[in-house]
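Just so we're aligned: 70 in our numbering is position 59 of the sequence shown, and the numbers increase by one with no gaps anywhere. From the three backbone atoms N, C-alpha and C, an ideal C-beta is built for every residue, glycine too. Treat the numbers as computed from the prediction; the structure is a model and nothing was measured. Everything below concerns the one structure shown next.
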Amino acid sequence: MQNMLGDADAFNQNLGRWYVKDTTDDDPVTTTPALIAQNDVLDRQPPIYELVDGDGDTDNILFTLTNTGAPNIGVPNTGVLSLKEADPTTKTYSLRIGIRGEGDLGRDRFGTDNEVAIRLEAVESEDGTIIGYAIVVPLNLGLTAEAVAAAETQILNAILPQLLRATAKITVDNISNRIDQAFSSSPADTDASLNLGGSSSLQELINNNARTTLQDGLNIKQMFNNSSFLIPLNVAGDNNYGINNITLWGSGDYLSLEDDVSAVDWEGEVIGGSVGIDARLNQNLIAGAALSYSEGDVDYKRDGGEYNSEGTLTNTLYSIHPYIAYDLSQGRVWGALGYGQGEVEINDKATDSANRNQKQPRHRAIQSSLWG
C-alpha cells in the first residue's frame, strides 16, 4: 500500500469502476447523484477530484465535481458529480478528472497531471424516465504508452514482413508465369482463355472444389488460387511482331500462412492479383507493365509481456511493375521494377485481466519497392 500511495502510475492503473446513484432509491433520479467508489484502493484514500481541461473530445463544460471524502484511511469516499443541464439524455458524456492526494503517506506525490478519462452513462426505463447512471473508468489506464507501442512493434515485426514476402512472391510469380506463357507461343497462336481456381470450365471448377466446400465451407478468397485470364489484342492478326501484337492478361493467387514459433502466434491468408498488358516486340523481346493488388488478413495472439493482447491485422497494398524479358539461347532473363503504397490496420484488445478494457484500432501507412 505504501508503494502504491507514492506511485501515481500504480494508482492510475487501479482506478477501478465507479457508480453514480441517488441518495435513496425512492426519490426520482436527479442530476446530482452521489459518487460512490467501488474500488478498495480508492475507498482507503481521500483524493481530491478536479475537473481539468480536456483534449478536444470531452464535455467538461457540462459537469461540476466536488469531493467530500473522509480524511481518515479506511473510510470510503463519497462525492457529488453534477450535470449542469437538467434532464440529461441517454447520450454518453465524457470528461477528464485530475487526481491528487493530501496529507501523509506520500499522497501529496500524485500530482495534478494524473488524469483519467471517464464516461457518464444515463439509462432510461421503458417509459422514458431516467432510472440510473454509471461512471465507467476503464481499468489500467495507467498502462504506459511505451508498453503498448512496444507490443504493436512486436506484432508488426512478427507478421508484416511475412505478409509482404508473400505478396512479393505472388506478384513475381504472376509476372514470371506471364513471360513464360508469352514466349511459349506466337501471337497468332495465342487464344483467349479464362481459368478460375485452376479450372478452365464451370464443371471442372465444381468438381475440384465440391468436396472442400462441403467439408470446410465456401471460401471465396481461395477462388483466386491459380486463377488467370488472357485476351490477345493482335491487331495485325498475324505473326508480325511489334507494338500491334499486345496481350491483356491477369493472374491471381491465394496463400495460407501461420507462425507459432515467435512470441506472437498468428495465422492468416493473403490474396493477390495482377492485371497487365505487354507486347512481343520481336521473337526474343517482351515488354509490359502490371498493376497489382494484395490483401492479407491475420488473427494473432501475443503473450509474455506487460501487455498481452489478441486481435486482427489487415494489410492492403497497391503496386505497379514495368517489366522486360529477353529470351537467349542459353536461357531467359527478365527484370521488373515496382513501387507500391498500402496500409496496415491493427484491431487490438488486451487479454489479461488488468488491461482488458484496452481496445484500440490503429492504422499505419506503408510503402514498398520491389526490384527483380
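According to DSSP, is residue i part of a helix, a strand, or is it coil?
| i | result |
| --- | --- |
| Val272 | coil |
| Ser204 | strand |
| Asp310 | strand |
| Ala199 | helix |
| Gly185 | Before going on, a small fix: residue 185 reads as Asn here, not Gly. Three-state DSSP puts Asn185 in a helix. |
| Gln173 | helix |
| Gln192 | helix |
With which residues is residue i paired in a DSSP beta bridge?
| i | result |
| --- | --- |
| Val286 | Gly261, Leu302 |
| Val281 | Leu266, Gly307 |
| Gln165 | None; Gln165 has no bridge partner. |
| Ala158 | The partner list for Ala158 (beta bridge, DSSP) is empty, contrary to what the question assumes. |
| Ala347 | Tyr334 |
What whole-angstrom Cβ distance do residue i and residue j have, given they're in contact under 8 angstroms?
| i | j | result |
| --- | --- | --- |
| Gln303 | Gly279 | One point to set straight first is that residue 303 is Ser, not Gln, in the sequence displayed. Contact flag wrong, Cβ pair sits at about 19 angstroms. |
| Glu354 | Thr323 | Wrong, their Cβ atoms sit about 14 angstroms apart, outside the cutoff. |
| Ala347 | Ile186 | 6 angstroms |
| Val309 | Ile190 | With 8 angstroms as the limit, Val309 and Ile190 do not qualify as a contact, their Cβ atoms being about 31 angstroms apart. |
| Asp264 | Ile181 | 5 angstroms |
| Leu266 | Val286 | Going by Cβ atoms, the distance from Leu266 to Val286 rounds to 19 angstroms, so no, they are not a contact pair. |
| Ser238 | Leu259 | With 8 angstroms as the limit, Ser238 and Leu259 do not qualify as a contact, their Cβ atoms being about 15 angstroms apart. |
| Gln165 | Leu268 | Going by Cβ atoms, the distance from Gln165 to Leu268 rounds to 18 angstroms, so no, they are not a contact pair. |
| Tyr334 | Val344 | At roughly 11 angstroms, the Cβ-Cβ gap does not stay under 8 angstroms, so Tyr334 and Val344 are not in contact. |
| Tyr311 | Asp276 | 7 angstroms |
Could you spell out where the beta strand (DSSP E) holding residue i opens and where it closes?
| i | result |
| --- | --- |
| Asn326 | 320-339 |
| Leu241 | 238-245 |
| Gln294 | Where Gln294 is concerned, there is no enclosing beta strand (DSSP E), given that its DSSP letter is neither H nor E. |
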